[in-house]
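Keeping their order, the protein sequence lines are chains A and B.
Numbers in the working numbering are just positions in the first sequence, counted from 1, shifted up by 732.
Numbers in the working numbering are just positions in the second sequence, counted from 1, shifted up by 125.
See below for the structure under consideration.
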Amino acid sequence: MMLSKVLYVNLSNKSINVVDRPDLFSKYLGGSGVASKLLLEETKPKMDPFSPEAPIIFTTSCMTGIFPCIVKAVSMFKSPLTKNLGESHAGGHFASALRFAGYAALIIRGASDHPVALEIMDDEVKIRMADSLWGLSPLDVEKVLRKNDKGMQSVISCGRAGENLVYYSNVIVDRYHHFGRLGLGAIFGSKKLKAISVLGRKGIQIDNPIDVKDMYDKINQKVVKSDEMAKYHYLGTSANMLELNELGALPTRNFKESRFEDAKSISGEAMAESMLRRKISCPGCPIACIHLAELRTGFAPEHEKGKKEIFHEEVSVPYNYEPMYALGSNLLIKDRRDLILLIYHCEKLGLDAMMTGTVLAWATEAFEEGRINLDDTEGIKPEWGDAESYIKMIDNIVEMKNKFYVKLAQGVVAASEKYGGKEYAMALGNNGMAGYITGYGCIVGPLVGARHSHLSNSGYSIDQKIINEPIKIESIVDFLIEQEDWLYVFYSLGACYFARRIYSKELIVEALKTLGINKTQEELLNMGKEVFHNLYKFKVREGFELEAQNIPKRIFEVQTPHGKLDFKLIKSMIEYYIKRREKEGISLRPEEKAIKELLK
Amino acid sequence: MRFHIEVVHPERCIGCYSCVYACSRHLFNTVDPSRVAVFVRVNGSLENPFTVIACRFCKNPECALACPKGALQPLPEGGITLIASKCKGCKTFDCIDACMIKALALDENTNLPIICDRCGDCAKYCPHNVFKYEEMK
């Protein structure tokens, strides 16, 4: 029997109700699939992302908690950053706790006029006044709301950045995980929703225990014994730092270069040797990909009158490749302690570290070019490699100190529209770029992907597979389409991207069968495609035009493993992509609009 | 097959709950961290290392002594067995309070304490060898 209960919470009139939606869950299984349909149901065209009517949708899936690595909660909302589809996935305890509490999905509607927190304990759901939480760091919220009770608990919250409506603020999940991208934190802030705590104690009854256990064992053996996930277990994604540097695909100095001379100093290897304290998992996954650095900061100047620092503040900071590139190589930060300090600063304030790095890199270059000056920056000189200045700037962004910082808080595209420097505002579909300058796939992938993420369709991976081969437009685009359609099956199961090589198509069909869900590979693939179509229906309705997307010129100036990229090839790929998608019966442009010039 | 199980390296725990999920699958055909005989406890914040708790198979178990009905019977090899017929009707759950390490949980579905049956699944599924386990003769 599939769990299909949806918990609706309205923060305006404080109503709480549960609706059973077997129609959605039997068709889409959960995750991105169910969320895509709920998003279309819950939104009116062109609504302001910060309006009370704008919903927040969280989904789990029929497999959550039952099989290894099925640990992600999917969130959907209207993104303040892109004014379009907001989709972000998070690990941690959230999906499991929600499922154990008896809910397959949670929808937040309305807005409160004072700070509130949502507390869910199985059937008991409370909207509580939370003035005392407002202004706290998500790291502190996790501590104060943590109960030492039986069951599974999750605490998620926005930080100061979300409260102040920074367009790329995140929601931190159980201290170390994130609904990281596209600004969910600001949606929380706009609703005066500081935090959600879920305690689940109902568990999941398994109808077919012998088959499910056999299936669990089969999958688990693959997870722990094969090499498919070893990278995540060992150094984690931070292993990319040296691999991409070697390849000449590591974004450096705001994508001006693709190799960083100090990559070694901020590499996963160096981190593991000198700063790694311990690792942590999501419940239901034995990999422990979350690597925690120990950050020790002496406080002698105030405490011991400047004498030798013998006593330290000590915190654990999660690190992985994306923030390490964004706040590391891309800003020429060569001291790994500085890098961890910058990541920690984003964590405390609840900022997407990737977009923060993108914005700071743009600001540094705009300052060098004289597009902005010390009046704009409030006297701070942004300088490559200078963590101290960057930290001050991050504070000013979150507090929106002046007009300039207000623009920075709206993202790199908004800032470059006002101050110039669009050629090096490194965003695709308005979302800050991921840490790959590997070739065509890493550009076209996020550009066409529904959520403009490198995880939409793994474009960066095809680049690395076809180095030294001639570029074939069709084969790259075909790969991206096949990947994204399939990944939307995977994401509808709430599965973690890192486990994509564990769960083959055959295995997913078999695993679903043990849960009494009979779907063929073909049916699943059609479902994945339909999810993508649902999302593009939303995107186009909100005004997204693939052909009108800006591609920063910098992309064509930097050396990649495929040489300098050719704009004409990218244009051809997009034309071919549109043709292929239109054959599936989906329009990628608002009908009334004529085809626009790609690069404005 | 029954095993002697011991938590020997709790500091290695990564919070994957593989042991907990295995235990609830084994005992109740559920995935349910509140119906188990092995516990991964969060200490105030996920910033802190986890505490891992399993029955210590005491020779003179405090839980058994606390039971006014004699429903928990100490076993010669240590630990306890539950005589469910004797337990029913008790509302005080003294046994659960008595266990100093909180290795005994109440199953709210049946109103019975959950007893470790030494299946060893917690240890077998742990990816970091937090547990030591050996077959009992």
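For every residue, glycine included, the Cβ atom is placed at its ideal position computed from N, Cα and C.
Could you give the first and the last residue of the continuous beta strand (DSSP E) run that contains residue i?
i, result
"serine 1030 of chain A", "Before going further, note that residue 1030 of chain A is glycine rather than serine in the sequence given. 1022 to 1030 is the extent of the beta strand (DSSP E) around glycine 1030 of chain A."
"isoleucine 1240 of chain A", "That residue, isoleucine 1240 of chain A, is in no beta strand (DSSP E); its alpha helix (DSSP H) goes 1237 to 1246."
"isoleucine 1283 of chain A", "Unbroken run through isoleucine 1283 of chain A: none, as it is neither H nor E."
"proline 199 of chain B", "197 to 199"
"methionine 808 of chain A", "805 to 810"
"arginine 841 of chain A", "837 to 841"
"tyrosine 258 of chain B", "256 to 260"
"valine 741 of chain A", "737 to 742"
"leucine 817 of chain A", "817 to 822"
In whole angstroms, give me the CA-to-CA distance for residue i and residue j.
i, j, result
"aspartate 994 of chain A", "serine 1304 of chain A", "36 Å"
"leucine 771 of chain A", "phenylalanine 809 of chain A", "7 Å"
"alanine 209 of chain B", "alanine 196 of chain B", "7 Å"
"arginine 1321 of chain A", "lysine 945 of chain A", "47 Å"
"lysine 926 of chain A", "leucine 868 of chain A", "9 Å"
"cysteine 138 of chain B", "methionine 1132 of chain A", "41 Å"
"leucine 743 of chain A", "valine 848 of chain A", "9 Å"
"valine 133 of chain B", "proline 158 of chain B", "21 Å"
"arginine 1010 of chain A", "leucine 1024 of chain A", "6 Å"
"alanine 179 of chain B", "methionine 795 of chain A", "27 Å"
"methionine 1087 of chain A", "lysine 1271 of chain A", "21 Å"
"serine 811 of chain A", "glycine 204 of chain B", "56 Å"
"histidine 825 of chain A", "isoleucine 1019 of chain A", "15 Å"
"leucine 979 of chain A", "phenylalanine 1099 of chain A", "30 Å"
"glutamate 774 of chain A", "arginine 831 of chain A", "22 Å"
"lysine 957 of chain A", "phenylalanine 911 of chain A", "29 Å"
"arginine 1333 of chain A", "cysteine 212 of chain B", "This structure leaves residue 1333 of chain A out entirely; chain A is present only between 733 and 1332."
"histidine 1186 of chain A", "isoleucine 130 of chain B", "44 Å"
Would you say the beta carbon of residue i comes nearer than 7 Å to a heavy atom of the ligand FAD?
i, result
"isoleucine 840 of chain A", "The ligand FAD is absent from the structure shown, which contains no ligand whatsoever."
The alpha helix (DSSP H) that contains residue i, what's its start and end?
i, result
"cysteine 890 of chain A", "Cysteine 890 of chain A -> not in any alpha helix (DSSP H); beta strand (DSSP E) instead, spanning 884 to 890."
"glycine 1000 of chain A", "1000 to 1006"
"aspartate 1118 of chain A", "No alpha helix (DSSP H) contains aspartate 1118 of chain A, which DSSP labels as neither H nor E."
"isoleucine 1072 of chain A", "1068 to 1081"
"leucine 237 of chain B", "Careful: leucine 237 of chain B lies outside any alpha helix (DSSP H), inside the beta strand (DSSP E) at 237 to 239."
Using DSSP's beta-bridge definition, name the partner residues of residue i.
i, result
"tyrosine 1163 of chain A", "Reading the sequence as shown, one finds asparagine at residue 1163 of chain A and not tyrosine. Beta-bridge pairing links asparagine 1163 of chain A to A/Leu1160."
"isoleucine 1104 of chain A", "Isoleucine 1104 of chain A is not bridged to any residue."
"glutamine 1291 of chain A", "A/Lys1296"
"methionine 853 of chain A", "A/Glu856 and A/Leu931"
"tyrosine 1122 of chain A", "In DSSP, tyrosine 1122 of chain A forms no bridge with anything."
"glutamate 989 of chain A", "A/Thr984"
"leucine 1063 of chain A", "According to DSSP, which records beta bridges pairwise, leucine 1063 of chain A is partnered with nothing at all."
"methionine 861 of chain A", "A/Val848"
"alanine 179 of chain B", "B/Val163"
"arginine 1010 of chain A", "A/Leu1024"
"proline 1050 of chain A", "A/Leu1024"
For residue i, does the count of other Cβ atoms within 10 angstroms reach 16, so buried, or fall short, so exposed?
i, result
"phenylalanine 1031 of chain A", "exposed"
"threonine 235 of chain B", "exposed"
"glycine 1111 of chain A", "exposed"
"proline 1202 of chain A", "exposed"
"histidine 965 of chain A", "buried"
"glutamine 937 of chain A", "exposed"
"aspartate 1108 of chain A", "buried"
"glutamine 1281 of chain A", "buried"
"arginine 913 of chain A", "buried"
"glutamate 1001 of chain A", "exposed"
"asparagine 977 of chain A", "buried"
"lysine 769 of chain A", "buried"
"glutamine 953 of chain A", "exposed"
"leucine 1079 of chain A", "As written in the sequence, residue 1079 of chain A is glutamate, which differs from the leucine given in the question. With 16 or more Cβ atoms within 10 Å of its Cβ, glutamate 1079 of chain A is classed as buried."
"serine 1006 of chain A", "exposed"
"threonine 1090 of chain A", "buried"
"threonine 155 of chain B", "buried"
"asparagine 896 of chain A", "buried"
"proline 777 of chain A", "exposed"
Quiz prompt | Near-chain B residues of the region 873 to 887 of chain A (beta-carbon distance less than 8 Å), N- to C-terminal order | solution = Close to chain B, meaning a Cβ-Cβ distance shorter than 8 Å, are the following residues of the region 873 to 887 of chain A: Glu874, Lys875, Arg878, Asn880, Lys882, Gly883, Met884 and Gln885.
Self-check item: Within 7 Å of chain A by C-beta, residues of the region 152 to 163 of chain B in sequence order
Solution: Of all residues in the region 152 to 163 of chain B, only Asn154, Thr155, Val156, Asp157, Pro158, Ser159 and Arg160 place a beta-carbon less than 7 Å from a beta-carbon of chain A.
Quiz item: In the region 233 to 259 of chain B, which residues sit with their C-beta less than 9 Å from some C-beta in chain A, listed in chain order?
Solution: So the close ones are Glu233, Tyr250, Cys251, Pro252 and His253.
Quiz item: Looking at chain A, which residues of the region 167 to 196 of chain B have a Cβ within less than 8 Å of any of its Cβ atoms?
Solution: Close to chain A, meaning a Cβ-Cβ distance shorter than 8 Å, are the following residues of the region 167 to 196 of chain B: Val167, Asn168, Gly169, Ser170, Leu171, Glu172 and Pro174.
Quiz item: Using a beta-carbon distance cut-off of less than 7 Å, what residues from the region 789 to 802 of chain A approach chain B?
Solution: Residues of the region 789 to 802 of chain A with a Cβ closer than 7 Å to any Cβ of chain B, in chain order: Gly797 and Ile798.
Quiz prompt | Selection of the region 890 to 915 of chain A by Cβ proximity to chain B, strictly under 7 Å | solution = Contact residues of the region 890 to 915 of chain A toward chain B are Asp906, Arg907 and Tyr908 (C-beta to C-beta distance below 7 Å).
Quiz item: What residues from the region 1006 to 1019 of chain A come within 9 Å of chain B, judged by C-beta to C-beta, listed N to C?
Solution: Residues of the region 1006 to 1019 of chain A with a Cβ closer than 9 Å to any Cβ of chain B, in chain order: Arg1010, Lys1011, Ile1012, Ser1013, Cys1014, Pro1015, Gly1016, Cys1017, Pro1018 and Ile1019.
Self-check item: Residues within the region 128 to 155 of chain B neighbouring chain A, beta-carbon criterion of under 7 Å
Solution: For the region 128 to 155 of chain B, which is checked against every Cβ of chain A, the residues closer than 7 Å are Ile139, Gly140, Cys141, Tyr142, Ser143, Tyr146, Ser149, Arg150, Asn154 and Thr155.
Exercise. Check each residue of the region 215 to 229 of chain B: if its Cβ is closer than 8 Å to any Cβ of chain A, include it; give the result in chain order.
Key: If you check each beta-carbon in the region 215 to 229 of chain B against every beta-carbon of chain A, none falls closer than 8 Å.
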